[in-house]
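Numbering (the UniProt record's numbering), first residue to last: 1 to 733. Each residue gets a CB set at the ideal place from its N, CA and C atoms; glycine is no exception. Notes for the one structure printed next.
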């Protein structure tokens, strides 16, 4: 392998850390970095990959892809693995191990896939000269990673060899240890590097085995997280560049020596369990940072800033009641933690990894930000706080401008008009304002989460060309202020999306990348929305009644959801008694979101399929039949992975393709948001009886935008038997 050649790599990480990992890889020197589910793709030389293994605080593994091939059966898998020349990677007398995983594939047993892969490697050596490498599952010379997804196999070398969160300093751990890369993510989200640079301290009042404090100290001292590891997956690799690796190690050792020499003694930890305090001391000693720590036995409620320390970050990982403690006692613990932070740490920052949003709310503090992070398989929420000094007086608000006062009057009128009906119908997510005043060109949507907190999503419409950019920005700030005051929502729970002007005209600026999801309820169902990271939130509020119609029509039918997005319609169909649901979308990101929405409501397993396909390609390949098909395409799509789509031009072709998959008594619910859209009735009425359901599908809170979408119900004409003579009640694939 040419060590100076640029290669593609993939870094894995726990879900929720993808954007942090992307930024870290860029800082390491990687190129073409793009986040993916539970990891990030990047390009670079072998030196770049070595640096990632040595310096990444967030990654779990660094993978070097070797081959990709179709593997619909075990023979194809065997042939594909044998197609790799393993003598380039593994000596005949060496050892190896195989990690295998599978998803949505015909080969669905990971252990069998691993064994078949092992056989292919061993047989290649045996056929060549009669020798064979051995298996070592602990510290093999190379570790092969094989992932099978939709019958497509990717074979990679695991350059890490073992998970990178194993730093090599942990001598002992508690009953519920925090992984080191999760601790690093907490520190970065809590802005620890910024706090340390400003002279601040790090304090953990429930320090356990000391993971957060040790990671914080090593981060501040510029100590490479992999410096103490004695094993990596490339050390026994045939193409390992020893000189390159030693050079990187020498540089890291020098940086660590310089960093530790300059490190300040600003690390404070305590725990109510004296055994954990001793464990933390031993771990800190092994990590080489014990001399910078102050560790004491102390109950969390007695925590306070150390003498002479005025500013810092309080960071902690309290019990969740899952493995440690009694769940019934947890809210009391979190409330006490909130009281301690409020009363003694004003002026500090804080970051708390709570078991869930409910426990976080028990702290009775307003979180600055919330991030979804995974502690192993357990989804948790990281809450960050800016603890304002108690004596800080809120600034007196400036009087509203005449225009903003008009906006306030209009918004108050809208809320008075809508509130009773919203409460009567149990609606928690709704539109409060939609460009009612031309000068304030925005939509204001309210998302009430399952904890009773309202969040606002404010999205700017395109301002007229004659409105100066600074005036448009001022009006958006006024909208956010007025909306917060009228609806009683603090600024930290308001997502504001504004357009920027540049080449090509007006467009939305860079979205945030917080990975912060909130759970909302619609018609008794739980759904996840993200108000910050994407242009849309994951839940189209104007389709509330359309989803209700899908739920009404779904009973006893097989349901197909094309352009499924986050599969909210599939959740409604499942709740309505659909025999099964199939959700099709081209985006892996949205399908992962869809999977979480379905699972949140208990809809899992083989009866709820998620398919990553272009809709028209799926219809051409699929041989199933469906009693209910929901089609809600975008106005335009020019994805690199599918042919260009134009809803006006292509809707007839799309709906006729749906007709091929429709049962005789089936229904197509077709909608779209192209306001100038004209349904080609002349072409479609050959096959369908068409009911225009547009007007009944517009919710009352969208009355000002009666053209926000169109909706039609299409049923097969009695004289058009099509290719499917059965009725939907008899079809269950």
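Pairwise C-alpha distance: residue 223 and residue 238: If you draw a straight line from the Cα of residue 238 to the Cα of residue 223, it comes to about 29 Å.
- Sub-8 Å separation of residue 555 and residue 580 beta-carbons: no
**Message:** Can you tell me whether residue 658 is helix, strand or coil according to DSSP?
**Reply:** helix
Q.
So, with DSSP's three-state summary, where would you put residue 116?
A. helix
Distance CB(residue 95)-CB(residue 204) smaller than 8 Å:
no
Notebook entry, point to check: For residue 185, does the three-state DSSP call read helix, strand or coil?
Noted result: DSSP places residue 185 in helix when its eight states are reduced to three.
Measure the beta-carbon distance from residue 533 to residue 493 and round it to whole angstroms, keeping in mind my assumption that it falls under 8 Å. Contact between residue 533 and residue 493 does not hold, since their C-beta atoms are separated by about 15 Å, which reaches or exceeds 8 Å.
>> If contacts are defined as beta-carbon pairs under 8 Å, then residue 201 and residue 266 qualify, I think. What distance do you get, rounded to the angstrom?
In response: 4 Å
Determine whether the beta carbon atoms of residue 367 and residue 360 lie at a separation below 8 Å. Against a cut-off of 8 Å, the Cβ pair of residue 360 and residue 367 comes out as a contact.
**Prompt:** Would you report the Cα separation of residue 632 and residue 647, rounded to the nearest angstrom?
**Reply:** 10 Å
According to the neighbour-count rule (16 or more other Cβ atoms, all chains shown, within 10 Å of its Cβ), is residue 168 buried or exposed? exposed
How many angstroms separate the CA atom of residue 73 from the CA atom of residue 151? Between the alpha carbons of residue 73 and residue 151 lies a gap of roughly 8 Å.
Beta-carbon within less than 6 Å of residue 57's beta-carbon, same chain only, minus the 5 sequence neighbours each way: which residues are those? 184 and 225
Can you give the Cα-Cα distance for residue 107 and residue 522, rounded to whole angstroms? 37 Å
Three-state class that DSSP yields for residue 207 in the structure shown
It is coil, neither helix nor strand.
- Item | Span separating the alpha-carbon of residue 616 from that of residue 657 | 7 Å
query = Are the beta-carbon atoms belonging to residue 566 and residue 590 less than 8 Å from one another?
reply = yes
### Query
Residue ranges of each beta strand (DSSP E) run of no fewer than 3 residues wholly in the region 236-307, ordered along the chain?
267-271 and 293-297
On the premise that residue 383 lies in contact with residue 370, defined as a C-beta separation below 8 Å, what is that separation, rounded to the nearest angstrom?
6 Å
TODO: Using only alpha-carbon positions, find the residue among 221, 22, 130 and 436 that is nearest to residue 403.
DONE: 436
To test your reading of the DSSP string, which unbroken alpha helix (DSSP H) runs of 4 or more residues are found completely within the region 345-391?
357-361
Open item on the list: Output needed for residue 582: all residues of its chain with C-beta closer than 6 Å, excluding positions within five of it in sequence on either side, in chain order.
Closed with: 560 and 609
Review point. Comparing alpha-carbon positions, which option in 156, 232, 235 and 352 lies nearest residue 81?
Key: 156
Item to complete: Determine the DSSP secondary structure at residue 179, reduced to helix, strand or coil.
Response: coil
### Query
The alpha helix (DSSP H) spanning residue 548 covers which residue range?
544-553
message: Under 8 Å: do the region 101-120 and the region 76-91 share three or more Cβ pairs, one atom per stretch?
response: yes
Can you tell me where the beta strand (DSSP E) holding residue 429 begins and where it ends? 429-434
Checklist entry - Bridge partners of residue 597, per DSSP? => result In the DSSP output, where bridge partners are listed per residue, residue 597 has none listed.
Q | Cβ separation of residue 186 and residue 353, assumed to be a contact under 8 Å, to the nearest whole Å | A | The pair is a contact, with the Cβ atoms about 6 Å apart (cut-off 8 Å).
* **For residue 557, the nearest candidate out of 364, 664 and 47 (CA to CA)** => The residue with the shortest Cα to Cα distance from residue 557 is 664.
Considering only residues of the same chain and omitting the five flanking positions on each side of residue 62, which have a CB-CB separation below 7 Å?
9, 11, 49, 52, 53, 159 and 160
- Message: Just verifying my parser: in three-state terms, what is the DSSP assignment at residue 585?
- Response: It is a strand residue.
Are residue 688 and residue 654 touching if we call contact CB-CB under 8 Å? no
- Task: Report yes if the CB atom of residue 479 is closer than 8 Å to the CB atom of residue 458, and no otherwise.
- Result: yes
inquiry  = Quick check for students: name the residue ranges of the beta strand (DSSP E) that lie wholly in the region 435-493, counting only runs of 3 or more.
reply    = If we require 3 residues or more, the beta strand (DSSP E) runs fully inside the region 435-493 come out as 442-448 and 454-460.
Can you say whether residue 594 is buried or exposed, counting buried as having 16 or more other CB atoms within 10 angstroms of its CB?
buried
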